[in-house]
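Here is the structure we will look at.
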Amino acid sequence: MRIYWLLWLLVLNLNAHVLLAQRSGTPSFRIVPLGVKGGLDESNLSAYMLAPANSNNYVCLDAGTLRTGIQQAITNKAFSATIDEVLKKYIKAYLISHAHLDHLAGLIINSTDDSTKTIYALPSCIEQIQKNYFNWQSWPNFGSAGAGLTLKKYAYQPVIANNAETAIQNTDLQVQVFPLSHGDAYQSAAFLIRSKEDYVLYLGDTGPDAVEKKQNLQNIWQKISPLVKARKLKAIFIEVSYPDEQPDKLLFGHLTPHWLMQEIEALHSFTGKSLQQLPVIITHMKPAGKNEEKIKAQLKAQNKRNLNLIFPEQGKAFSL
Ligand SMILES: [Zn+2]
Ligand SMILES: [Zn+2]
Numbered sequence: 000m001r002i003y004w005l006l007w008l009l010v011l012n013l014n015a016h017v018l019l020a021q022r023s024g025t026p027s028f029r030i031v032p033l034g035v036k037g038g039l040d041e042s043n044l045s046a047y048m049l050a051p052a053n054s055n056n057y058v059c060l061d062a063g064t065l066r067t068g069i070q071q072a073i074t075n076k077a078f079s080a081t082i083d084e085v086l087k088k089y090i091k092a093y094l095i096s097h098a099h100l101d102h103l104a105g106l107i108i109n110s111t112d113d114s115t116k117t118i119y120a121l122p123s124c125i126e127q128i129q130k131n132y133f134n135w136q137s138w139p140n141f142g143s144a145g146a147g148l149t150l151k152k153y154a155y156q157p158v159i160a161n162n163a164e165t166a167i168q169n170t171d172l173q174v175q176v177f178p179l180s181h182g183d184a185y186q187s188a189a190f191l192i193r194s195k196e197d198y199v200l201y202l203g204d205t206g207p208d209a210v211e212k213k214q215n216l217q218n219i220w221q222k223i224s225p226l227v228k229a230r231k232l233k234a235i236f237i238e239v240s241y242p243d244e245q246p247d248k249l250l251f252g253h254l255t256p257h258w259l260m261q262e263i264e265a266l267h268s269f270t271g272k273s274l275q276q277l278p279v280i281i282t283h284m285k286p287a288g289k290n291e292e293k294i295k296a297q298l299k300a301q302n303k304r305n306l307n308l309i310f311p312e313q314g315k316a317f318s319l
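As structure tokens, then:
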């Protein structure tokens, strides 16, 4: 009897090693988080630079905080360049999930000193940027359309949800966009980014399907499941804003550890055990009180699919 147990353990162990080997290998992407939090700390709000490995042609996923994050990354030796070089030369384009300030403030404030580039977003998001920010009232119009004189620093590139891939200018990256529901009839977006054969999924703010009464996440899970099974999806960036103590009626279109793991179960129903050790990067924790520690502990306690949970830090680069 004991010998069977030993053999069984050996098989399990081998499986784990094979999984780890498949998950490691040569990295496909490099990520430099410029801001990781979901509120309060204006020097550390959602913004993630992403490039193919060994490239300096980055896209910036959301742009809540730019300058402080770049400074921090330089201090940590993630870049050997000046702040201006990183901002103007390394960031080739922005992908904005939605027009809330915690995803956009860094872009607006740095627009005077930025280089010309393209903003990719859903049409509804581009419309809000035009109407609410680059309108000569909140700020000069640095956009390519909208109110008054257009300074044309940023070319607006609306991307239609669920369409085919769009090439991201001046990078070797492609993007596909999916709609998300972020509270009362408000639309946010998820970006599926491809470099050669490999993918990363970045989700902007989102509530769970069950609370939002939508199928947006379900549709995304179905769409990406073949990539998970084929080990081509290198990571999922997803928000967890509040700890489990937050009542559903006060989620305002956000996730908790419980609701994230419910969504992971939905994904698991398509992928089965190929989810094991998938890097899931937890974004957008709202830092009130001891919430961040609570969220981390609750996620670890509910991680029954053995995800590789990653808690990104401002200015600390990593590869996937
Ligand atoms: Zn947000
Ligand atoms: Zn938001």
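Numbered per numbering that gives the first Met the number 0, the sequence shown spans residues 0 to 319. By construction, the Cβ of each residue, glycine as well, lies at the ideal position given by its N, Cα and C atoms.
ALA92 - partner residues in DSSP beta bridges
BP columns for ALA92 point to VAL58 and THR117.
Whose beta carbon lies closer than 5 Å to any heavy atom of ligand 2, going through the chain in order?
With the criterion CB distance below 5 Å from any heavy atom of ligand 2, the matching residues run HIS99 and ASP204 along the chain.
Which residues does DSSP pair with SER194 in a beta bridge?
DSSP, once it has assigned bridges, lists LEU172 and ASP197 as partnering SER194.
With DSSP as the reference, label GLY147 as helix, strand or coil.
GLY147: coil per DSSP, three-state reduction.
Along the alpha helix (DSSP H) that carries ARG66, what are the first and last residues, could you check?
Per DSSP, the unbroken alpha helix (DSSP H) holding ARG66 starts and ends at 66-74.
Below 8 Å between beta carbons: does that hold for GLU320 and LEU277?
Because residue 320 is not part of the residues shown, which for the chain are 0 to 319, the question remains open.
Determine contact between the segment 200-215 and the segment 246-258, defined as no fewer than three beta-carbon pairs at a distance below 8 Å.
Yes, the segment 200-215 touches the segment 246-258.
Which residue's Cα is closest to the Cα of PHE190: ASN162, GLU196 and PRO139?
The candidate whose alpha carbon is nearest that of PHE190 is ASN162.
Could you name the residues of the same chain whose beta carbon sits closer than 6 Å to that of PRO51, not counting the 5 residues immediately before and after it, in chain order?
If the five residues before and after PRO51 are omitted, its C-beta is found closer than 6 Å to the C-beta atoms of ASP171 and SER194, all from its own chain and listed in chain order.
Would a C-beta distance cut-off of 8 Å place LYS231 and TYR198 closer than the cut-off?
The answer is yes: Cβ separation under 8 Å.
Quick check: what's the CA-CA separation for SER187 versus PRO122?
Spanning the two alpha carbons is a distance of roughly 11 Å.
According to DSSP, is PRO225 helix, strand or coil?
Looking at PRO225 - three-state DSSP - the assignment turns out to be helix.
In angstroms, rounded to a whole number, what distance separates the CA positions of CYS59 and LYS248?
Their Cα atoms are separated by approximately 32 Å.
Within the segment 222-297, ranges of the beta strand (DSSP E) (whole runs, at least 3 residues)
With a minimum length of 3 residues, the continuous beta strand (DSSP E) runs that stay inside the segment 222-297 are 232-238 and 278-282.
Within 10 angstroms of its Cβ, does GLU196 collect 16 or more other Cβ (buried), or is it exposed?
The residue is exposed, with fewer than 16 neighbouring Cβ atoms inside 10 Å.
Hey, would you say the C-beta of GLY252 is under 7 Å away from at least one heavy atom of ligand 1?
Checking every heavy atom of ligand 1 against the Cβ of GLY252, none is found closer than 7 Å.
Contacts around GLN168, its chain only, beta-carbon distance under 7 Å, and the 5 residues preceding and following it disregarded:
Only LYS91, ALA92 and THR117 meet the Cβ criterion.
Within the continuous alpha helix (DSSP H) that includes VAL210, where are the two ends?
For VAL210, the uninterrupted alpha helix (DSSP H) segment begins and ends at 208-211.
Decide if LYS233 is buried, meaning its Cβ has at least 16 other Cβ atoms within 10 Å, or exposed.
Taking all protein chains shown into account, LYS233 has 16 or more neighbouring C-beta atoms within 10 Å of its C-beta and is therefore buried.
According to DSSP, what are the bridge partners of ILE321?
Residue coverage of the chain in this structure runs from 0 to 319, which leaves residue 321 outside it and unanswerable.
Mark GLY314 as exposed unless 16 or more other C-beta atoms lie within 10 angstroms of its C-beta, in which case mark it buried.
GLY314 counts as buried, since no fewer than 16 other beta carbons sit within 10 angstroms of its beta carbon.
Using only the alpha-carbon positions, how far apart do VAL176 and GLN217 sit?
Straight-line Cα distance between these residues: approximately 15 Å.
Under the assumption that TYR241 contacts LYS299 (Cβ atoms under 8 Å), give the Cβ distance between them as a whole number of angstroms.
Not really, about 16 Å apart at Cβ, beyond 8 Å.
By DSSP, does VAL31 sit in helix, in strand, or in coil?
DSSP, read as helix, strand or coil, puts VAL31 in strand.
ASP61 and SER42 look like a contact to me (Cβ under 8 Å); what is the Cβ gap, rounded to whole Å?
Cβ atoms of ASP61 and SER42 stay farther apart than 8 Å, at about 15 Å.
Per DSSP, cross-strand counterpart(s) of GLY142
According to DSSP, GLY142 shares a beta bridge with TYR153.
Residue from LYS152, LYS303, MET48 and THR165 whose Cα sits closest to the Cα of THR111:
Residue LYS152 is the option with its Cα nearest to THR111.
Taking DSSP as the reference, what is the three-state secondary structure of PRO26?
For PRO26, the secondary structure class from DSSP, reduced to helix, strand or coil, is coil.
LEU200 and PHE236: beta carbons closer than 8 Å?
With respect to the 8 Å criterion, LEU200 and PHE236 are classified as neighbours on the basis of their beta carbons.
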